[in-house]
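Data block below; observations after.
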């Protein structure tokens, strides 16, 4: 083998090792979270109140899990609706100045520190109500997910061939009917994926919740204007606490959160793959 | 249908220049010309589908049964319902079944009152398009599973299910094999009994085979229009003669 060939082999080997190395952190995270966390997870862990910090009562993450689900649903209802129509606008009116500027703003929003979004929600929804509340949390999460949903919905509608759009409009349909009742079906997998990406984002965010929901550690959902809890916030609070028992709950909660996110990710992958075949 | 002083621009590009045309009822009217001469644009100006292109600008009149479809008082969705349109690439909605592809137009436009009426209309349209016998046993199959020729006939069924006055066809056989293309041409002759058909083609032989009248469009200008037999045997314009014998195109 010539020296040139040997050099090439060595370089390729190095590149392959580096590529593998970049995948190590993700697997290390998944492994450590499940290794430390799964031993605490059971059905009652998902339902029960957290344990007192001292003693050996098992306890669970009931309020935080319920709170997270409620917050995700609300954020998706608000952010999904606004994001969907914004994305549709971006796709179909891309020639207008307004769409171009909106797109630029959304791209900035994607990069925006989410803690600032939380502060904003604090000033507009927490201060006036004089109370941390679920609505403020959902509002902050909605703002965080809008750009993700809008930009992905835009791509979903952009991917519809022009001839299919012509076919829909040639049937004499109004623009809302054509876009929502005919073409939405053609963009379905992309739109669903956009919503799932938004969902995963809403499920995992902590920063926007710090100033908005407080975290009602020991009470279940009590109303939109009341404090509520969420899994990321529980992990943050419990992991920082000095109590061993709460550390264990935080590990268990991390495993539950990771499972939720990975499930959403897998479902969206399946939808994308299904759309391709 | 009558077209008067029609001009179309894409941005600053003047693509159709002073087109004047009269299209009689129940005929096949072919618009032929080389690629890029503005035939498809002319077809889309007839049902105002051109307005999907934000850079398109239109001036002039298109009269359908005495109504100027470019009048401010006319609703564009009404205009498009007067025309059924068939496109160059067979474009059934791939996510819908065979049945729904035909049913969706009448359903969303509120043309039928009951499910049974809709069923009848779908069957009628599929029969008219010579597709019923091939698909009647699995109307719920996705339209994407059909062959290219079947998809194009499905698109014809979708177009006539709206009970339009005029059918517009934009090179409907350009992407089909010869056998499927021949079926579509036979179907056109059949449909002529009930509809006026305007077909765009870049193939002069096709125009000669199927049409009663033909217009020759070149670089956005109407060069010649007349009865097909006359245009193909005694063309008035030298350019038309060159085109029909295949020396430009």
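Residue numbers (this note's numbering), protein chains in the order written: chain A, 1 to 277; chain B, 1001 to 1249. Don't be surprised by glycine CBs; every beta carbon is placed ideally from N, CA and C.
Three-state secondary structure assigned by DSSP to residue i
| i | result |
| --- | --- |
| residue 223 of chain A | coil |
| residue 1018 of chain B | strand |
| residue 1007 of chain B | strand |
| residue 1215 of chain B | strand |
| residue 56 of chain A | coil |
| residue 152 of chain A | helix |
| residue 1201 of chain B | strand |
| residue 1186 of chain B | helix |
| residue 166 of chain A | helix |
| residue 1002 of chain B | strand |
| residue 1221 of chain B | strand |
| residue 160 of chain A | coil |
| residue 176 of chain A | helix |
| residue 41 of chain A | coil |
| residue 181 of chain A | helix |
| residue 191 of chain A | helix |
| residue 1248 of chain B | coil |
| residue 1172 of chain B | coil |
| residue 1161 of chain B | coil |
| residue 25 of chain A | helix |
| residue 1 of chain A | coil |
| residue 51 of chain A | coil |
| residue 1156 of chain B | helix |
| residue 61 of chain A | coil |
| residue 46 of chain A | helix |
| residue 302 of chain A | No answer is possible for residue 302 of chain A: the residues shown for chain A start at 1 and end at 277. |
Residue i versus the options, residue with shortest Cα-Cα distance
| i | options | result |
| --- | --- | --- |
| residue 73 of chain A | A/154, A/137, A/55, A/21 | A/137 |
| residue 208 of chain A | A/132, A/154, A/263 | A/132 |
| residue 1197 of chain B | B/1177, B/1233, B/1180, B/1171 | B/1171 |
| residue 225 of chain A | A/122, A/192, A/194 | A/122 |
| residue 142 of chain A | A/198, A/164, A/97 | A/198 |
| residue 218 of chain A | A/227, A/212, A/179, A/1 | A/227 |
| residue 48 of chain A | A/62, A/153, A/36, A/26 | A/62 |
| residue 203 of chain A | A/169, A/270, A/253, A/247 | A/253 |
| residue 245 of chain A | A/60, A/2, A/3 | A/60 |
| residue 1085 of chain B | B/1006, B/1064, B/1199 | B/1199 |
| residue 1204 of chain B | B/1152, B/1076, B/1035 | B/1035 |
| residue 170 of chain A | B/1046, B/1028, B/1032, B/1031 | B/1046 |
| residue 156 of chain A | A/239, A/271, A/267 | A/271 |
| residue 1185 of chain B | B/1165, B/1166, B/1010, B/1207 | B/1207 |
| residue 134 of chain A | A/222, A/120, A/83, A/189 | A/222 |
| residue 1017 of chain B | B/1226, B/1065, B/1222, B/1030 | B/1222 |
| residue 66 of chain A | A/258, A/110, A/230 | A/230 |
| residue 69 of chain A | A/21, A/210, A/200, A/248 | A/200 |
| residue 174 of chain A | B/1179, B/1183, B/1049 | B/1049 |
| residue 268 of chain A | A/257, A/194, A/86 | A/194 |
| residue 71 of chain A | A/215, A/265, A/275, A/273 | A/215 |
| residue 97 of chain A | B/1054, B/1071, B/1074 | B/1054 |
| residue 1014 of chain B | B/1043, B/1056, B/1074 | B/1056 |
| residue 55 of chain A | A/248, A/258, A/26 | A/248 |
| residue 237 of chain A | A/10, A/50, A/154 | A/50 |
| residue 154 of chain A | A/210, A/275, A/89 | A/89 |
| residue 1027 of chain B | B/1166, B/1138, B/1009 | B/1166 |
| residue 1118 of chain B | B/1177, B/1044, B/1162, B/1241 | B/1162 |
| residue 1210 of chain B | B/1228, B/1168, B/1116, B/1193 | B/1228 |
Residues that residue i bridges to, as DSSP identifies them
| i | result |
| --- | --- |
| residue 1196 of chain B | B/1166 |
| residue 1226 of chain B | B/1214 |
| residue 1237 of chain B | Partner(s): none; residue 1237 of chain B has no beta bridge. |
| residue 1013 of chain B | B/1010 |
Residue i Cβ short of 8 angstroms to the ligand FAD heavy atom set
| i | result |
| --- | --- |
| residue 43 of chain A | With respect to the ligand FAD, the structure shown offers nothing to examine, as it has no ligands at all. |
Cross-chain neighbours of residue i in chain E, by beta carbon under 9 angstroms
| i | result |
| --- | --- |
| residue 1009 of chain B | This model lacks chain E altogether, as its protein chains are A and B. |
Problem set entry | 4 or more residues per run - each alpha helix (DSSP H) lying fully within the stretch 1022-1081 of chain B | 1039-1046, 1076-1081
For this session: Run through the stretch 67-131 of chain A for me and flag every whole alpha helix (DSSP H) of 4 or more residues, listed as ranges in chain order.
Result: 81-92, 97-111, 114-121
Exercise. Where are the beta strand (DSSP E) runs, 3 residues long or more, that stay fully inside the stretch 1078-1154 of chain B, in chain order?
Worked result: 1083-1086
For this session: Inspect the CB distances between the stretch 1137-1152 of chain B and the stretch 1090-1097 of chain B and report whether three or more fall short of 8 angstroms.
Result: yes
Problem set entry | Length-filtered (4 minimum) alpha helix (DSSP H) runs lying within the stretch 203-275 of chain A | 207-210, 231-240
For this session: Would you check if there are 3 or more beta carbon pairs closer than 8 angstroms linking the stretch 1030-1044 of chain B to the stretch 1210-1219 of chain B?
Result: yes
Exercise. Three or more C-beta pairs closer than 8 angstroms, one from the stretch 1052-1060 of chain B and one from the stretch 1001-1019 of chain B: is that the case here?
Worked result: yes
For this session: Kindly confirm or deny that the stretch 1126-1139 of chain B and the stretch 1153-1173 of chain B touch, where touching means at least three C-beta pairs closer than 8 angstroms.
Result: yes
For this session: Give a yes or no on contact between the stretch 181-198 of chain A and the stretch 10-18 of chain A, applying the rule of three or more CB pairs nearer than 8 angstroms.
Result: no
For this session: Tell me, please, whether the stretch 102-119 of chain A touches the stretch 31-42 of chain A by the rule of three or more beta-carbon pairs shorter than 8 angstroms.
Result: no
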